[in-house]
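Worksheet: one structure, shown below.
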């Protein structure tokens with residue numbers, strides 16, 4: 049089958065690879081109809097990870113079930129399904145408690161498995177014609193009858209919608225609160241969107257790219273351009289000097305200042321200063337335990353110079369980590385189905401699988417207007 | 049009246065000061081019968097804060113009500129009361145939600161007020177004969193009829209028992225879980241004790257002072273001597289390589305390695321490595337937003353080199369800050385009253401107020417056997 | 049001053065009564081500009097309570113502070129304030145934990161006090177020119193600068209908006225869930241409105257009065273007319289036979305069937321059948337511990353024939369009681385201020401205080417179009 | 049194989065039945081070494097259910113894995129395992145959220161499946177030599193290495209320990225609180241025991257059988273004999289007239305007064321009067337949706353005359369239902385392993401499988417001293 053394969057830094061190609069197929073009796077085989085390029089794919093693309101050559105990328109996947117293993121009970125051939133990016137067993141200590149992003153079974157020795165992802169196990173990704181889904185009854189979200197007409201919305205349930213949503217959960221967003229989101233990339237926009245879904249009174253989104261800030265404004269958020277003035281001061285001014293009730297980190301370790309210098313602690317420390325005492329912070333932007341090629345000395349060991357003193361004196365809380373997609377995807381799916389959420393608003397490009405290498409290049413360069421790319425392998 | 053007064057670094061003296069008295073109609077005046085020296089008093093004693101000369105220290109106070117303002121309704125003359133170290137109004141946005149450690153009223157411009165404490169407002173401490181208690185109906189825990197016989201237990205409700213307890217709340221300790229506590233000072237011991245109260249299956253306590261480790265063992269915890277081997281490795285070995293479910297930071301910014309070098313990030317990063325994926329960390333050891341005289345360059349600005357990459361990849365959560373004593377003191381009081389908790393087990397010395405300067409010196413030098421000092425101003 | 053006074057069953061009059069005035073140093077005096085008639089006022093109006101003759105009614109009050117006692121610190125003369133219907137001390141065991149609807153101080157022997165309400169203490173109501181507010185710093189929600197222009201919205205913060213909201217809290221409504229509300233009176237409509245604020249995917253509202261069902265539909269809910277067919281069957285059909293995730297009881301003990309017969313267990317048992325296994329029910333419609341004149345034998349003793357067997361086998365949960373207004377009013381206020389909530393949509397009449405007796409009569413007879421009456425004593 | 053088979057009311061026999069065996073690739077086969085008789089087995093024994101003739105009873109099971117289906121990954125032959133009484137799939141909407149007592153997959157049309165239980169699906173029980181365990185990776189709790197030596201403790205993880213524990217969860221028990229448990233049968237004793245594990249300050253247990261009250265006292269609870277005086281008055285007296293913070297219903301629909309008359313609403317209404325305003329109630333005693341042969345008219349339809357008026361005016365909350373064993377069994381298992389919990393304290397008899405019919409008869413007659421029976425099929 050045809051698939052997008054990682055060959056090395058900034059080198060991804062469409063190639064023929066062995067067909068995905070049922071390997072275990074609990075597997076499901078899905079013909080992919082929509083698969084996205086994610087911001088975290090760019091970490092691999094840029095060579096900032098140890099992903100192996102030959103890996104098929106793609107962890108935001110949606111398609112039609114074409115085969116099921118004999119032990120599969122719930123999922124049926126023909127079902128349209130969206131696959132959480134993290135793969136889970138459903139029965140380990142973490143999965144049992146809803147922490148399906150930290151499955152202890154599927155990637156032995158590491159808490160968490162994913163499709164087509166560095167360090168997340170041997171699973172191939174879905175930027176391909178077919179995808180093998182382990183523990184299909186656990187890992188398939190069966191979509192409602194309008195799935196085919198709204199794939200661009202439903203595919204966001206694989207990752208960025210629940211991920212953005214989880215940042216608001218980790219931050220503890222409650223109705224009527226004020227929220228600041230750092231980063232207006234796809235996940236940051238989904239965080240802002242989720243905060244409003246949960247009843248936030250006001251959401252502020254910090255970025256500097258005009259097209260992203262424009263999308264933030266379009267969903268009702270207050271855009272804050274950190275290239276024009278200190279984002280912290282802008283936020284304090286908007287909140288009578290108090291700071292926001294909650295903050296979401298949707299940038300990660302590759303944060304850089306408006307001049308373009310990478311500064312891994314930039315958004316975290318800005319958040320500590322932007323959030324009011326007793327508030328909460330949700331960290332969903334990726335930070336890595338080591339980053340050998342980083343310029344920053346601390347960052348090489350996965351560290352940041354963190355304002356813990358201020359964090360403590362404000363009595364802040366923070367939660368972090370890859371989203372536990374299955375905690376939310378059923379319910380966010382219903383919001384899409386009922387017309388209460390249309391996360392496709394941030395899609396800028398819908399391309400064929402063959403266009404993927406070009407799309408990676410454009411998306412990686414933050415080319416204006418390339419906010420979110422959807423690929424259609426079956427088209 | 050007689051009081052212990054801060055005169056400068058390592059210089060505290062018993063002096064005559066103006067009598068504490070009712071100033072507002074909501075005040076209560078308490079004759080102090082028991083008042084403790086707290087580990088955080090030592091930050092001031094050592095000159096690591098900007099506390100003003102002339103300050104009466106003492107924020108762990110218990111005594112008898114001798115006068116009440118005309119607007120006081122609940123508290124009566126003659127009541128034995130224990131005073132939460134943080135002073136709160138009961139009606140601001142933070143107090144209303146139970147965050148009485150971050151009161152917005154009593155120390156304008158700062159979230160949080162306390163007796164006899166640097167940066168916590170103009171309130172005098174209770175290492176004295178009398179104490180003025182603002183908003184007496186809010187700030188007095190009226191003790192049960194056996195108060196006088198068990199002052200050494202009940203006085204712990206002012207600070208270290210709820211503070212240790214809150215570290216287990218912030219960490220999210222649940223029955224049956226495994227908990228690691230860094231620091232076997234009074235707060236750390238109270239954290240370990242609280243973890244068992246909440247049903248922890250196993251508690252490990254890291255320190256290196258034999259008397260402290262001995263007390264940890266005496267309450268059923270597993271003592272871990274970090275001067276003998278890596279505490280992280282010891283914890284991983286005790287938990288089948290998984291790490292503890294929850295961790296409590298009860299050391300703070302003056303953490304130092306077994307050789308005695310201050311290393312402010314030592315316990316935090318050890319905790320990140322000691323706690324298992326999806327776990328939680330409660331930070332109750334004090335970290336400060338600036339520390340101009342610190343040796344460590346980052347610490348001067350209240351920063352630590354923090355393993356955020358590992359924290360994120362494990363999906364950890366952490367909460368921090370001064371304890372909201374009033375959230376817990378009523379209920380911990382009942383445990384003492386019912387004989388289910390006897391926090392006085394860690395008291396090593398019960399002295400007169402006149403002995404306080406000597407006690408500060410001994411306690412500050414971590415003199416063997418000086419685990420917790422109680423002063424009796426009325427004796 | 050002028051006030052609406054209860055004289056006996058279905059007999060309320062505008063009379064001259066002694067001026068409200070500051071009685072305690074913690075009191076605040078408010079000149080009432082807006083005060084509503086509540087559905088629960090009708091229980092008193094109809095003679096179904098033991099409210100004493102001479103009581104000034106009115107517990108949904110908003111106005112301007114004209115005097116403050118000497119111990120009041122936060123609230124200032126001139127502030128526009130909205131008063132939670134339940135009066136609380138801020139320092140008792142219940143208030144401390146946020147249960148301000150069950151204050152143990154202000155109405156000794158009963159948990160809970162309120163303005164102008166049967167069994168809720170000696171406090172006069174606000175359907176009058178002035179209102180005395182005990183513990184003013186605790187009981188005044190200071191409104192933002194646009195208060196005067198939007199009194200019809202902000203006054204809903206005194207009771208029905210937080211009350212409707214609390215039913216969704218007690219039911220446990222989460223984003224993406226399906227909610228059924230029994231009763232489209234003002235509280236039921238606020239419950240449905242709150243469910244959407246919190247991100248419900250779908251809200252169904254059961255009633256039989258066309259004007260009320262019309263308002264439900266106007267805010268996006270699915271109206272269910274229980275005079276046309278079984279509401280339970282309609283709900284099951286709308287939810288693939290599963291039932292709603294959550295249910296809100298907003299009717300109370302005077303529930304009656306479409307033929308007009310009072311049947312106190314009607315909505316509770318319908319809810320048990322309408323909500324799916326593991327779901328939750330919030331009961332905010334008033335049930336009373338005794339009702340001596342009731343036709344129903346059980347109801348006389350405050351009992352209902354309740355389907356506990358089905359409740360148990362479905363593993364349901366329920367919470368109940370008068371709303372703890374202060375838990376929510378600050379945050380709902382912000383939603384109004386930011387334009388995210390406009391609860392005045394259900395106001396049908398804005399009248400002068402003199403029109404109150406006539407309004408009681410019309411509202412009590414469920415006269416078509418009389419959904420919610422606002423009185424303007426200062427107009 | 050040999051098994052205890054239900055033949056009709058009060059008629060259970062040891063018979064030869066077809067061997068339990070692997071039927072699905074996800075099954076596990078367990079050789080039973082310990083299996084208990086549960087109080088809820090008596091509902092079937094007494095003919096109060098529609099359980100079918102030929103059913104093998106027994107839902108509290110522990111044994112050794114002797115065979116695993118090809119799709120089983122985590123559980124290994126030779127593992128000692130304890131089986132939650134409710135069988136769950138791990139992937140339905142309820143199981144995903146931890147509600148494994150309400151699995152939607154295994155007993156289609158009903159939420160919840162169990163071994164050897166009326167209305168809970170076609171699954172045979174474990175009062176037999178072997179037991180088939182569906183979805184073995186989901187439904188086996190693998191026990192630690194000391195399992196064989198402490199089967200009488202670990203077997204309680206199948207049902208009564210987590211069930212008693214869940215009543216405290218549903219009631220919302222927090223450290224330092226006062227708890228009343230109605231019913232000192234095995235589940236009630238486990239509720240009291242769990243309340244102490246969670247840090248309750250005081251637990252009161254209501255019953256009238258001396259041996260049961262003796263066991264309650266032995267674990268530190270205050271025994272309350274309701275045959276001597278009103279339990280409500282005794283509880284109010286013990287709590288300064290306030291009532292307990294939390295209450296647990298561990299009796300169910302067959303509650304009877306001291307004279308022996310069945311009165312299904314007895315304990316529920318006593319609880320409403322025994323628990324203080326804002327408190328919580330956990331209902332884990334079984335109530336059934338219909339009970340055609342009941343003497344009580346309401347009970348025939350699964351109803352009770354419930355004091356909802358008082359419940360509401362106190363602002364109470366309650367949760368109910370069969371325990372979701374998997375939420376707790378891992379953690380309670382650790383408490384046993386660490387020696388912090390020894391639930392076998394309530395075992396009165398350890399018998400061979402052949403003795404089961406006699407044991408049913410004795411246990412059903414509440415014969416003095418028959419508190420809990422353990423059967424040893426492999427002995």
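Chains as they are written, first to last, in our numbering: chain A, 49 to 427; chain B, 49 to 427; chain C, 49 to 427; chain D, 49 to 427. Each residue gets a CB set at the ideal place from its N, CA and C atoms; glycine is no exception.
- In terms of CA proximity to residue 384 of chain D, D:201 leads the group D:171, D:197, D:82, D:201.
- Taken through DSSP and simplified to helix, strand or coil, residue 379 of chain D comes out as helix.
- Following the DSSP letters along the chain, one finds residue 255 of chain B inside the beta strand (DSSP E) bounded by residues 250-255.
- Where residue 52 of chain B is concerned, there is no enclosing alpha helix (DSSP H), although the beta strand (DSSP E) around it starts and stops at 50-56.
- Taking all protein chains in view, the Cβ of residue 242 of chain A is crowded by 16 or more other Cβ atoms within 10 Å, so the residue is classified as buried.
- When the alpha-carbon of residue 388 of chain D is set against those of B:251, B:114, B:60, B:59, the nearest one is in B:251.
- Secondary structure within the segment 336-383 of chain B: the alpha helix (DSSP H) runs of 4 or more consecutive residues, fully enclosed, are 345-348, 356-361 (chain order).
- Classified as buried, residue 313 of chain C has 16 or more neighbouring CB atoms from the shown chains inside 10 Å of its CB.
- Judged by DSSP in its simplified three-state form, residue 82 of chain B adopts strand.
- Residues of the segment 214-227 of chain C with a Cβ closer than 8 angstroms to any Cβ of chain A, in chain order: 222, 223, 224, 225, 226.
- Within chain A, the C-beta atoms nearer than 7 angstroms to that of residue 73 of chain D come from 73, 118, 119, in chain order.
- For residue 326 of chain D, the closest alpha carbon among the candidates C:134, C:97, C:367 is that of C:367.
- About 6 angstroms separates the beta carbons of residue 80 of chain D and residue 178 of chain D, which is inside the 8 angstroms limit, making them a contact pair.
- Secondary structure within the segment 256-304 of chain A: the beta strand (DSSP E) runs of 3 or more consecutive residues, fully enclosed, are 270-273, 292-297 (chain order).
- When only Cα atoms are considered, residue 334 of chain B and residue 220 of chain B end up about 19 angstroms apart.
- Between the C-alpha atoms of residue 358 of chain C and residue 295 of chain C there is a straight-line separation of about 15 angstroms.
- A Cβ of chain B is located within less than 7 angstroms of the beta carbon of residue 247 of chain D.
- Residue 325 of chain B sits in a strand when the DSSP states are folded into three classes.
- Interface with chain A (7 angstroms Cβ-Cβ cutoff): residue 388 of chain C is included.
- Annotation for residue 91 of chain A: the continuous alpha helix (DSSP H) segment containing it runs 87-93.
- In the same chain as residue 417 of chain A, and ignoring 5 residues on each side of it, the C-beta atoms closer than 7 angstroms to its own belong to 259, 396, in chain order.
- Around the CB of residue 341 of chain C, fewer than 16 other CB atoms lie within 10 Å, so the residue is classed as exposed.
- Judged by DSSP in its simplified three-state form, residue 174 of chain C adopts coil rather than helix or strand.
- Neighbours of residue 122 of chain B across chain C, judged by C-beta separation under 9 angstroms: 137, 139, 140, 153.
- Unbroken alpha helix (DSSP H) runs of no fewer than 4 residues, entirely contained in the segment 111-186 of chain C, are found at 141-144, following chain order.
- Between the segment 115-129 of chain C and the segment 178-195 of chain C there are three or more inter-stretch CB-CB distances shorter than 8 angstroms, so the stretches are counted as touching.
- Non-local C-beta neighbours of residue 266 of chain B in its own chain, meaning closer than 8 angstroms and more than five positions away in sequence, comprise 393, ordered along the chain.
- Annotated as distal: residue 270 of chain D and residue 322 of chain D, with beta-carbon spacing of 7 angstroms or more.
- Residue environment analysis places residue 162 of chain A among the buried positions, since at least 16 neighbouring C-beta atoms fall within 10 angstroms of its C-beta.
- Identification of residues in the segment 357-374 of chain B having a C-beta nearer than 9 angstroms to some C-beta of chain A yields 357, 358, 359, 360, 361, 362, 363, 364, 365, 366, 367, 368, 369, 370, 372, given in sequence order.
- Within the model, the alpha-carbon separation for residue 370 of chain C versus residue 212 of chain C is close to 10 angstroms.
- Among the residues of chain D, those whose CB is under 7 angstroms from the CB of residue 380 of chain B are 224, following chain order.
- DSSP, read as helix, strand or coil, puts residue 313 of chain D in coil.
- Of all residues in the segment 237-266 of chain B, only 242, 244, 245, 246, 247, 248, 249, 250 come within less than 9 angstroms of chain D when Cβ atoms are compared, listed by chain position.
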